[in-house]
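> So that you can map any letter, position 27 of the sequence shown is 27 in the UniProt record's numbering, and since no number is skipped, the others follow by simple counting.
Got a structure for you, written out below as structure tokens; questions coming shortly.
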Amino acid sequence: MDMEHSAALLELTSGMPVIYGGDRVSYVSEELAAAFHPGDKLLVVQSTGDLLRIPGDVAEKTQSAVGRASDAFAAMAAVSDADVSRFFEEFALRLEDAGAWSEIAAANAADVAQAQARGRSTTRLAANEKMRRGMIDGLRAWRDMPGLSGRVVERAEHEGWSAEQLLAPLGVVGFVFEGRPNVFADAAGVLRSGNTVVFRIGADALGTARAIVAHALAPALAAAGLPAGAATLVDSADRAAGWAMFSDPRLSLAVARGSGRAVEQLGSVARQAGVPVSLHGTGGAWIVADDTADPHRLERAVFHSLDRKVCNTLNTICLPQNRPELVEAFLRGLEAAGARLGHGIKLHVARGDERAVPADFFMTVTQVRRAEGDVAEPIAEPIEIEDMGREWEWEQTPEVTVKLVETTDEAVALFNRYSPQFVASLITSDDALAERFYRSVNAPFVGDGFTRWVDGQYTLGRPELGLSNWQSGRLFARGAILSGDGVFTVRTRVRQIDPEVGR
């Protein structure tokens, strides 16, 4: 007799065992069991055993958004490079329009107020004039970039026939972004190479995102003659929308940006669905100084690496034990950066290296500007060496971990073990040491001065979709700056002249 091997999941019970990873078991919590209803989906993260509930309405909304982007990708085959260029210009023009921007700014002000009321950081949420200009400039950079589709990258000639390898669009790209309005210019970049995009933005910025879609993005798509689903917002504040999107096998690439833990989880969801991923999570740059370092160069590198908190901001510094003047140079740079922002400094000193900073730093209480407001804390606190890679999410008070080392090799070993393996900078006067540092440090971005250069637009003149660290391994056949013109596949086309060619 035939037996059913599957059935719809209609309920969960508290304590229900769920197998994951082939040899491990997770158990359904009482809260999860109570929340689960017929029509909901349960995702089991095979690497961790996390049990993720996707409400039925969120799953339906997300599947519909991916479907629109998938249909739009098929329609993009009939869209010319000139049409795509016009889209970017139309998008930029609408952001420049005072009336359209006033609607976006009003929505953003409401988002900022709500985030502040919840004690959330608004440093990257506020859509100020600088952010507006950056979005416009980014869109016009995409406008001026030549299309990639059909570009010949290799040609092989044979007797009676030839083969060409050509760049081609990849497909539907799914994004999960943090709550930053300017990610629209980033996400739209994949259209330059003929792809389509479906994305979810952090709940803090959802109102702003809706306004940008209504007053700029959707009208620009229509004016340029691009399919409406070519850039689709998943209109949901529920983070489960990100899980639903990344588990959809119709995605050709899943890109996640945000905090480390959330990004890792999204990456696991995508991988087990067979979707390639590009993860842009934990950041924090390291500076290492050796005993030949020039104090002034170090001071300026520190100062220019702490203008604001982003992923490439200085987070951890390793200084030689035998050069106290370099510690002084670091502190001068840090204090100058704090004075520029107006809210002091914060230090975390590796346990055992407390002598690196003035003793009164550990006893003097200052007001540290955090997302929830000003908080009274000591200027310096000890930190365990295992926590050296923790990324400090500061607001207006520059926050840095400091460690004294005997050698540069020791600093490299600490970086390779404890950091997110992202940005490393060596301040030295020894060229041979600089070369050894480059070969031995496991980072995709290596420099010899300030760290804030790690940016696609700033460094390469290409708006970035995200920056990857090497915490989960090096990246296959690509760099750690993902840009819209880097999202493609390669097709091979043969032209046969001689009908008698055979094998």
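The beta-carbon is built from N, C-alpha and C at its ideal position, and this holds for glycine as well.
Helix, strand or coil, according to DSSP, for aspartate 58 in the structure here?
Against the sequence shown, residue 58 aligns to sequence position 58. One point to set straight first is that residue 58 is valine, not aspartate, in the sequence displayed. In the structure shown, valine 58 sits in a helix (DSSP, three-state: H, G or I).
> Let me make sure I understand the geometry here. Which of Ser14, Pro398 and Ala371 has the alpha-carbon closest to that of histidine 304?
As a position in the sequence shown, residue 304 is number 304, starting the count at 1. Here the closest residue by C-alpha is Pro398.
> Is the CB-CB distance between phenylalanine 177 and valine 234 below 8 Å?
Position 177 of the sequence shown, counted from the start, is the residue given in the question as residue 177. Position 234 of the sequence shown, counted from the start, is the residue given in the question as residue 234. No.
> Report yes if the CB atom of alanine 244 is closer than 8 Å to the CB atom of alanine 59, and no otherwise.
Within the sequence shown, residue 244 is the residue found at index 244, counting from 1. Within the sequence shown, residue 59 is the residue found at index 59, counting from 1. Result yes, Cβ atoms of alanine 244 and alanine 59 sit closer than 8 Å.
> Please report the distance separating the alpha-carbon of glycine 502 from that of arginine 271.
As a first step, residue 502 is located in the sequence shown; it is residue number 502 there, counting from the start. As a first step, residue 271 is located in the sequence shown; it is residue number 271 there, counting from the start. Cα to Cα, glycine 502 sits roughly 40 Å from arginine 271.
> Which partner residues does tyrosine 27 have in the DSSP bridge list?
For the purposes of this step, residue 27 is taken as residue 27 along the sequence shown, with counting starting at 1. Bridge partners of tyrosine 27: Pro17.
> Using a Cβ-Cβ cutoff of less than 6 Å, which residues in the same chain neighbour alanine 69 once the five nearest sequence positions on both sides are dropped?
Reading the sequence shown from its first residue, position 69 is the one you call residue 69. The residues are Val172, Thr196, Val198, Gly229 and Thr232.
> Do valine 302 and leucine 319 have their beta-carbon atoms positioned less than 8 Å apart in this structure?
Start at 1 with the first residue of the sequence shown, and residue 319 comes out as number 319. Start at 1 with the first residue of the sequence shown, and residue 302 comes out as number 302. At a Cβ-Cβ threshold of 8 Å, leucine 319 and valine 302 do not count as neighbours.
> What are the residues that DSSP puts in a beta bridge with phenylalanine 361?
Translated into the one-based positions of the sequence shown, residue 361 becomes position 361. The partner list for phenylalanine 361 (beta bridge, DSSP) is empty, contrary to what the question assumes.
> Measure from the alpha carbon of aspartate 83 to the alpha carbon of each residue in Pro146, Thr48, Ala33 and Ser6, then state which is nearest.
Along the sequence shown, one-based indexing puts residue 83 at 83. The candidate whose alpha carbon is nearest that of aspartate 83 is Pro146.
> Tell me which residues share the same chain as phenylalanine 184 and place their Cβ nearer than 7 Å to its Cβ, disregarding the 5 neighbours each side in the sequence.
Here the question's residue 184 lines up with position 184 in the sequence shown. Correct list, in chain order: Met135, Ile212 and Leu217.
> CB aspartate 485 to CB arginine 192, shorter than 8 Å?
Stepping through the sequence shown from its first residue, residue 485 is reached at position 485. Stepping through the sequence shown from its first residue, residue 192 is reached at position 192. Their beta carbons are under 8 Å apart, which means aspartate 485 touches arginine 192 by this criterion.
> Less than 8 Å separating the beta-carbons of arginine 86 and leucine 125?
Numbered from its first residue, the sequence shown carries residue 86 at position 86. Numbered from its first residue, the sequence shown carries residue 125 at position 125. Cβ distance not < 8 Å, so arginine 86 and leucine 125 don't count as in contact.
> For alanine 329, which residues from the same chain have a beta carbon less than 6 Å from its beta carbon, with the 5 sequence-adjacent residues on both sides left out?
By 1-based counting over the sequence shown, the position of residue 329 is 329. So the list reads Pro295, Leu298 and Glu299, once near-sequence residues are dropped.
> Output the distance between the C-alpha atoms of leucine 52 and valine 45, rounded to the nearest integer angstrom.
Looking up residue 52 in the sequence shown gives position 52. Looking up residue 45 in the sequence shown gives position 45. For leucine 52 and valine 45, the distance between alpha carbons rounds to 8 Å.
> Once the 5 residues before and after valine 490 are set aside, which same chain residues still bring their CB inside 8 Å of it?
Residue mapping note: residue 490 aligns to position 490 of the sequence shown, counting from 1. So the list reads Val153, Gln165, Leu166, Leu167 and Ala168, once near-sequence residues are dropped.
> Just checking, does the segment 96 to 108 make contact with the segment 247 to 267 on the three C-beta pairs under 8 Å criterion?
no
> Use the C-beta contact count for methionine 1: other C-beta atoms within 10 angstroms, 16 or more gives buried, fewer gives exposed.
Translated into positions along the sequence shown, residue 1 becomes position 1. Bear in mind that the predicted position of methionine 1 carries a pLDDT of just 47, short of 50, making it unreliable; the figure below should be weighed with that in mind. Counting Cβ neighbours within 10 Å, methionine 1 comes out exposed, since fewer than 16 surround it.
> Looking only at its chain, what residues have a beta carbon closer than 6 Å to the beta carbon of lysine 309, apart from the 5 residues adjacent to it on each side?
Taking the first residue of the sequence shown as position 1, residue 309 is located at position 309. Same-chain partners within the cutoff: Trp394.
> How far does the beta strand (DSSP E) with glycine 373 in it reach, from first residue to last?
Here residue 373 corresponds to residue number 373 of the sequence shown, with the count starting at 1. Per DSSP, glycine 373 belongs to the beta strand (DSSP E) from 373 to 378.
> Relative to the C-alpha of arginine 143, which residue among Pro463, Ala480, Arg323 and Phe488 is closest?
Position 143 of the sequence shown, counting from 1, holds the residue named residue 143. For arginine 143, the nearest C-alpha among the options comes from Pro463.
> Measure the Cβ-Cβ separation of glutamate 384 and arginine 351 and say whether it is below 8 Å.
As a position in the sequence shown, residue 384 is number 384, starting the count at 1. As a position in the sequence shown, residue 351 is number 351, starting the count at 1. With respect to the 8 Å criterion, glutamate 384 and arginine 351 are classified as neighbours on the basis of their beta carbons.
> Measure the beta-carbon distance from histidine 348 to threonine 401 and round it to whole angstroms, keeping in mind my assumption that it falls under 8 Å.
Start at 1 with the first residue of the sequence shown, and residue 348 comes out as number 348. Start at 1 with the first residue of the sequence shown, and residue 401 comes out as number 401. Confirmed, about 4 Å.
> Which residues does DSSP list as the beta-bridge partners of glutamine 165?
Here residue 165 is taken as the residue at index 165 of the sequence shown, counted from 1. In DSSP, glutamine 165 forms a bridge with Glu154 and Thr492.
> Just to confirm my understanding: we take glycine 338, look at its own chain, exclude 5 residues before and 5 after, and list those with CB closer than 6 Å. What are they?
Along the sequence shown, one-based indexing puts residue 338 at 338. So the list reads Gly344, Ile345 and Pro398, once near-sequence residues are dropped.
> What number of angstroms, rounded off, separates the C-alpha of glycine 49 from the C-alpha of arginine 250?
By 1-based counting over the sequence shown, the position of residue 49 is 49. By 1-based counting over the sequence shown, the position of residue 250 is 250. Each residue's Cα considered, the two are about 24 Å apart.
> Skipping 5 residues on each side, what residues in its chain have a beta carbon closer than 8 Å to that of glutamate 500?
As a position in the sequence shown, residue 500 is number 500, starting the count at 1. Excluding residues within five positions, the ones whose Cβ falls inside 8 Å are Gly160.
> Does alanine 77 have its Cβ less than 8 Å from a Cβ in chain D?
Of the protein chains in the structure, only one exists, and it is not chain D.
> With DSSP run on the structure shown, which of helix, strand or coil describes histidine 348?
On the sequence shown, residue 348 is found 348 positions in, with the first residue counted as 1. Residue state, collapsed to three classes: strand.
> Could you tell me whether the Cβ atoms of proline 378 and methionine 363 are closer together than 8 Å?
Here residue 378 is taken as the residue at index 378 of the sequence shown, counted from 1. Here residue 363 is taken as the residue at index 363 of the sequence shown, counted from 1. In contact: proline 378 and methionine 363 (Cβ atoms closer than 8 Å).
> Buried or exposed: where does glutamine 421 fall if 16 or more other Cβ atoms within 10 Å of its Cβ makes it buried?
Working through the sequence shown from its first residue, we reach residue 421 at position 421. It is buried - the Cβ of glutamine 421 has at least 16 other Cβ atoms within 10 Å.
> Is it buried or exposed, lysine 130, if we count other Cβ atoms within 10 angstroms and call 16 or more buried?
Along the sequence shown, one-based indexing puts residue 130 at 130. Exposed, because fewer than 16 other Cβ atoms sit within 10 Å of the Cβ of lysine 130.
> Considering just the uninterrupted stretch of the beta strand (DSSP E) at tryptophan 243, what are its terminal residues?
Here residue 243 refers to the residue found at position 243 when the sequence shown is read from its first residue. Note, tryptophan 243: premise wrong, no beta strand (DSSP E); alpha helix (DSSP H) at 240 to 246.
> In terms of residue numbering, what span does the beta strand (DSSP E) encompassing tryptophan 286 cover?
In the sequence shown, counting from the first residue as 1, residue 286 sits at position 286. Looking at the DSSP string, the run of the beta strand (DSSP E) that includes tryptophan 286 is 285 to 289.
> Please give me, in chain order, every unbroken run of the alpha helix (DSSP H) with length at least 4 that falls completely inside the segment 366 to 421.
Within the segment 366 to 421, the complete alpha helix (DSSP H) runs of at least 4 residues are 408 to 418.
> Going by the CB atoms, is the gap between histidine 215 and serine 468 shorter than 8 Å?
Taking the first residue of the sequence shown as 1, we reach residue 468 at position 468. Taking the first residue of the sequence shown as 1, we reach residue 215 at position 215. The beta carbons of serine 468 and histidine 215 sit no closer together than 8 Å.
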